[in-house]
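Shown next, in structure tokens, is the structure this report addresses.
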Amino acid sequence: MDQRLDPYRFDVGSARIEPDTPIIAGSFYTRKIIFTAGEYGSDEGGRILICKRLSCDMELPQFTDPAASGYVTASCSNPAVTLALSYIEQGYRDDWRSAIAVRVAQGYLCQGDVIEVVVGDTSGGGPGIRAQTFPETRHTMKVVVDTFNMNHFYELNENPEIRVVGGAPENWHLVYPQRPLRGEAFDVLVRPVDSWGNPAEEFRGKVCLHKSLSKGEEGDEFPKEAEFRAEDRGTRRVPGMRLEGAGPYRLRMEEPAGISALGPPVCPRESADELALFWGDIHGQTRSTVGTGTVDEYFRFARDRAGVDFAAWQGNDFRVWKKDWEEVKRECRAFNEPGRFVTLLGYEWSGTRSGGGDYNIYFSGDDAEIHRSSHAAIDDLSDTDTDRFPISKLWETFRGRNDVMSVAHIGGRACNLDYFDPEFVHLIEAHSHHGTFEWLIEEALERGFKVGITGGSDDHTGRQGLVYPNRRTNNVVTFDVKGGLLGLYAKELTREAVWDAMRARRTYGTNGERILMKTACAGAWMGEEITTREPPTIEVEVHGTAPLLDVEVKRGLETIYRYPINRPEGGSGQRRIRVQWSGVSAKSGRNKKVNWRGGISLSQGSIVTFTPYALDQYDDTIQRVSNKVLRFQTATSGDPDGVMLDVDAPPGAEFHFFSDPASFRMRLDDIGFEPHVVPGGGVNIRVQVSEVAAQTRDWNARFAFTDEEAPGGCSPYWVRVLQLNGGQAWSSPIYVNR
Numbered sequence: 000m001d002q003r004l005d006p007y008r009f010d011v012g013s014a015r016i017e018p019d020t021p022i023i024a025g026s027f028y029t030r031k032i033i034f035t036a037g038e039y040g041s042d043e044g045g046r047i048l049i050c051k052r053l054s055c056d057m058e059l060p061q062f063t064d065p066a067a068s069g070y071v072t073a074s075c076s077n078p079a080v081t082l083a084l085s086y087i088e089q090g091y092r093d094d095w096r097s098a099i100a101v102r103v104a105q106g107y108l109c110q111g112d113v114i115e116v117v118v119g120d121t122s123g124g125g126p127g128i129r130a131q132t133f134p135e136t137r138h139t140m141k142v143v144v145d146t147f148n149m150n151h152f153y154e155l156n157e158n159p160e161i162r163v164v165g166g167a168p169e170n171w172h173l174v175y176p177q178r179p180l181r182g183e184a185f186d187v188l189v190r191p192v193d194s195w196g197n198p199a200e201e202f203r204g205k206v207c208l209h210k211s212l213s214k215g216e217e218g219d220e221f222p223k224e225a226e227f228r229a230e231d232r233g234t235r236r237v238p239g240m241r242l243e244g245a246g247p248y249r250l251r252m253e254e255p256a257g258i259s260a261l262g263p264p265v266c267p268r269e270s271a272d273e274l275a276l277f278w279g280d281i282h283g284q285t286r287s288t289v290g291t292g293t294v295d296e297y298f299r300f301a302r303d304r305a306g307v308d309f310a311a312w313q314g315n316d317f318r319v320w321k322k323d324w325e326e327v328k329r330e331c332r333a334f335n336e337p338g339r340f341v342t343l344l345g346y347e348w349s350g351t352r353s354g355g356g357d358y359n360i361y362f363s364g365d366d367a368e369i370h371r372s373s374h375a376a377i378d379d380l381s382d383t384d385t386d387r388f389p390i391s392k393l394w395e396t397f398r399g400r401n402d403v404m405s406v407a408h409i410g411g412r413a414c415n416l417d418y419f420d421p422e423f424v425h426l427i428e429a430h431s432h433h434g435t436f437e438w439l440i441e442e443a444l445e446r447g448f449k450v451g452i453t454g455g456s457d458d459h460t461g462r463q464g465l466v467y468p469n470r471r472t473n474n475v476v477t478f479d480v481k482g483g484l485l486g487l488y489a490k491e492l493t494r495e496a497v498w499d500a501m502r503a504r505r506t507y508g509t510n511g512e513r514i515l516m517k518t519a520c521a522g523a524w525m526g527e528e529i530t531t532r533e534p535p536t537i538e539v540e541v542h543g544t545a546p547l548l549d550v551e552v553k554r555g556l557e558t559i560y561r562y563p564i565n566r567p568e569g570g571s572g573q574r575r576i577r578v579q580w581s582g583v584s585a586k587s588g589r590n591k592k593v594n595w596r597g598g599i600s601l602s603q604g605s606i607v608t609f610t611p612y613a614l615d616q617y618d619d620t621i622q623r624v625s626n627k628v629l630r631f632q633t634a635t636s637g638d639p640d641g642v643m644l645d646v647d648a649p650p651g652a653e654f655h656f657f658s659d660p661a662s663f664r665m666r667l668d669d670i671g672f673e674p675h676v677v678p679g680g681g682v683n684i685r686v687q688v689s690e691v692a693a694q695t696r697d698w699n700a701r702f703a704f705t706d707e708e709a710p711g712g713c714s715p716y717w718v719r720v721l722q723l724n725g726g727q728a729w730s731s732p733i734y735v736n737r
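In this text, residue positions in the sequence shown follow numbering that gives the first Met the number 0: the first is 0, and each later residue adds one.
Below, the structure written as structure tokens:
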């Protein structure tokens with residue numbers, strides 16, 4: 000619900016925005032919010048709040064430095080009125096809690112008095128205020144008024160709204176099936192994106208396409224160019240791709256300005272009996288809860304802009320009104336189109352952690368009753384008898400049904416695995432827009448739960464399936480990393496096949512990269528359970544979207560094999576040292592970041608060059624202080640940050656890593672290919688140091704590993720992948736009973 004239903008209604012006033020022309024995402028802008036007082040005016044001390052959504056990452060306003068960005072001013076048409084400005088992080092309610100507050104410091108407002116608030120005032124030399132970094136058709140600035148100075152705010156009938164659009168292309172994406180049937184034609188989605196990862200809607204012109212890095216056949220066919228028109232709005236779907244070889248293929252594009260991009264790997268299937276790989280994002284919200292956009296826009300973006308194969312909506316249940324649930328069901332039915340795009344009906348059970356925490360609920364059909372954890376944000380209490388709290392009561396309501404499934408995840412709250420129920424919880428989410436949560440995989444496996452792995456976005460920004468990090472602000476919620484994706488192996492793209500694959504745990508999660516990964520053991524796929532007398536052999540195939548850094552086979556919590564990619568050749572001269580730090584401060588979805596401020600130094604020799612990798616935010620920095628010292632300032636939300644050092648130093652040189660979370664010294668001679676890991680407390684907070692090859696060229700890994708030391712009982716075997724660009728993937732475990 001966008002509007003709070005206050006039983007006392009009157010003419011509160013009106014507000015408009017000037018000019019009402021679109022704003023480019025992430026750009027500096029200036030706009031006037033013009034408020035006209037209603038029938039009661041406003042008493043002295045009363046406040047007018049201009050609220051932004053929780054997900055909005057616009058620059059925080061400031062009121063003291065006219066030459067700096069974010070400057071905001073206000074004036075009143077009544078000369079007897081003095082105004083005072085401030086920013087309130089918890090000003091109003093629910094999704095609209097942060098606001099610019101305009102207080103009537105002296106005097107009072109009469110009906111018809113006008114207040115002009117200049118957001119991004121440039122009159123003192125400032126550049127304006129930085130806009131949110133994602134597009135939005137209806138970017139709303141909710142205006143609420145404490146008319147009677149009682150700290151009770153009344154909402155306007157209509158609020159100022161403006162459109163936010165993507166900027167100019169700075170990068171390109173190619174999206175296409177990665178396990179197509181050999182010889183069968185398919186489309187290629189070509190997408191220019193701006194510096195914040197948004198489709199560049201205004202791009203016009205032609206781009207060239209090339210087949211690259213392939214083991215192809217003469218019969219391969221592929222489109223040679225794509226021409227963008229106004230109606231494409233930043234994504235162009237081009238038909239005519241046909242591959243006859245085994246691959247891996249990668250398609251490459253070039254545009255006139257000289258930007259080029261490489262698409263994800265393709266390995267065609269030999270026959271229609273083989274399982275195909277589909278990509279989905281089954282976790283996100285819209286403006287009816289704490290996100291942006293309508294449900295129609297949500298599914299349309301996922302299908303047409305992000306190019307995912309399936310999606311689901313997951314609004315916080317205690318915000319879902321009856322009419323919202325009807326909208327979700329209606330749009331799920333409308334967008335479900337077998338062979339093109341699949342939708343799943345669902346919602347997020349969002350109880351407090353004491354009663355279960357966050358669990359996503361999915362239904363195999365397109366009509367179901369919603370059982371909320373509470374009615375905390377719903378004024379209509381006519382159906383409170385359908386609430387289920389704690390979540391164990393929900394499980395009891397669903398008991399015996401095979402048309403219901405759940406995914407445990409970490410969002411604004413963490414799921415409470417004390418309430419895990421194997422009848423319904425088939426999957427857990429390893430990564431979302433909130434961060435990377437390998438600790439959740441480890442905790443589930445340590446407890447003996449048999450679960451598959453997913454990735455998702457938990458998107459609040461209307462970009463389902465294509466979610467990039469928000470700018471860091473002082474918001475209650477920050478989305479620090481790219482949204483994840485769910486890779487799923489199924490026979491066909493239908494709701495039934497997607498549902499069956501999820502229940503069978505034939506899935507893997509990524510942090511947004513379309514890494515192609517397959518694992519097997521004795522004919523069993525990832526997610527399956529088998530019994531064997533022999534030592535199990537784990538077969539692994541990985542084709543990355545960037546050079547690979549790690550491909551690890553894990554048995555439960557232990558890494559039992561590291562595929563030897565990037566092993567140094569040895570010899571004298573320069574060495575390449577990899578330094579990587581990661582972790583979260585707490586097992587929660589909100590206040591979890593670890594701030595890494597520190598440096599790296601050598602006692603002798605020099606750091607010849609350095610190359611940061613896997614940094615997510617624009618303000619993550621690694622800088623040279625001298626030829627022996629680097630300084631860094633980054634933050635991790637479970638994800639890794641790192642740097643490659645090319646060092647030229649004598650054998651006795653000492654390596655020093657220093658930061659608040661972890662500090663240590665070691666001889667350079669003691670750094671080898673096997674990582675030296677230093678724990679830093681917290682949750683998976685650690686630093687690892689190793690030597691790698693001077694060039695990271697391996698994009699593919701295919702191998703089999705036999706665990707000769709496999710214990711008796713049931714062991715979960717899973718694969719963890721990390722790329723040079725920070726891309727990660729986690730396979731669902733194969734559960735081997737020996």
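Beta carbons are placed, not taken as given, at the ideal position from N, Cα and C, and that holds for glycine.
Neighbourhood of residue i by C-beta, 7 Å cutoff - its chain only, sequence neighbours within 5 removed
i	result
Asp-402	Phe-362, Ser-363 and Gly-364
Thr-136	Arg-162, Gly-292 and Glu-296
Tyr-91	Leu-48, Cys-50, Ala-98, Val-143 and Phe-152
Contact check, residue i vs residue j, beta carbons under 8 Å
i	j	result
Gly-464	Ser-194	no
Val-206	Glu-254	yes
Leu-777	Arg-504	Shown here, the chain extends from 0 to 737; a query on residue 777 therefore has no answer.
Val-80	Ile-99	no
Ser-349	Asp-316	yes
Leu-604	Ala-652	Sequence check: residue 604 is Gly here, not Leu. Cβ atoms of Gly-604 and Ala-652: closer than 8 Å.
Ala-648	Asn-565	no
Ala-167	Val-189	no
Val-628	Gln-573	no
Arg-494	Val-341	yes
Leu-485	Gly-455	yes
Pro-179	Ile-16	no
Ala-184	Met-240	yes
Cys-75	Ile-114	yes
Val-101	Ala-73	yes
Leu-343	Ala-367	no
Ser-546	Gln-722	Per the sequence shown, the amino acid found at residue 546 is Pro instead of Ser. Yes, the Cβ-Cβ distance between Pro-546 and Gln-722 is below 8 Å.
Candidates the options: closest to residue i by CA position
i	options	result
Ala-443	Glu-157, Glu-512 and Ile-409	Ile-409
Leu-743	Val-539, His-675 and Pro-534	The chain is shown from 0 up to 737; residue 743 falls before or after that span and cannot be answered.
Val-11	Val-289, Asn-156, Ala-519 and Glu-88	Asn-156
Cys-55	Glu-690, His-138, Arg-190 and Ala-83	His-138
Tyr-617	Arg-502, Pro-468, Glu-336 and Tyr-562	Pro-468
Lys-591	Lys-481, Pro-678, Arg-575 and Ile-684	Ile-684
Trp-171	His-430, Ile-258 and Val-720	Ile-258
Ala-429	Gly-451, Pro-639 and Glu-43	Gly-451
Val-593	Ser-587, Gly-582, Glu-326 and Trp-324	Gly-582
Lys-490	Phe-202, Asp-280 and Pro-337	Pro-337
Tyr-86	Asn-77, Gly-69 and Pro-78	Gly-69
Cβ neighbours of residue i in the same chain (closer than 6 Å, five flanking residues each side left out)
i	result
Tyr-39	Thr-146
Ser-213	Caution is warranted here: a pLDDT of 48 is assigned to Ser-213, below 50, making its placement in the model unreliable, and no coordinate value can be reported.
Leu-556	Glu-441
Gly-637	Gly-434, Thr-435, Phe-436 and Val-583
Cβ-based neighbour list, residue i, same chain, cut-off 8 Å, excluding 5 preceding and 5 following
i	result
Phe-419	Ala-407, Ala-443, Arg-446 and Phe-448
Ser-587	Ile-409, Arg-412 and Ala-413
Gln-622	Leu-629, Arg-630 and Phe-631
According to DSSP, residues forming a beta bridge with residue i
i	result
Thr-288	BP columns for Thr-288 are empty, so no partner.
Phe-298	Bridge partners of Phe-298: none, in fact.
Trp-524	Ala-519
Tyr-91	Tyr-91 is not bridged to any residue.
Residue i beta carbon near the ligand ZN (any heavy atom closer than 7 Å)
i	result
Ser-730	Here there are no bound small molecules, and the ligand ZN is not part of this structure.
Checklist entry - For the segment 345 to 358 against the segment 406 to 420, are there 3 or more C-beta pairs whose distance is under 8 Å? => result Three or more beta-carbon pairs drawn from the segment 345 to 358 and the segment 406 to 420 are found closer than 8 Å, and the two stretches are therefore classed as touching.
Checklist entry - Can at least three beta-carbon pairs, one atom from the segment 544 to 554 and one from the segment 702 to 715, be found at a separation below 8 Å? => result Output reads yes: the segment 702 to 715 touches the segment 544 to 554.
Next on the checklist: Whether or not the segment 278 to 290 and the segment 112 to 131 are in contact is what I'm after, with contact meaning three or more pairs of Cβ atoms, one per stretch, closer than 8 Å; do they touch?
Outcome noted: With the cut-off at 8 Å, the segment 112 to 131 and the segment 278 to 290 do not touch.
Item to check | Segment contact, 8 Å Cβ cut-off, at least three pairs: the segment 374 to 389 with the segment 331 to 346 | outcome: By the Cβ test, the segment 374 to 389 is not in contact with the segment 331 to 346, since fewer than three Cβ pairs between them sit closer than 8 Å.
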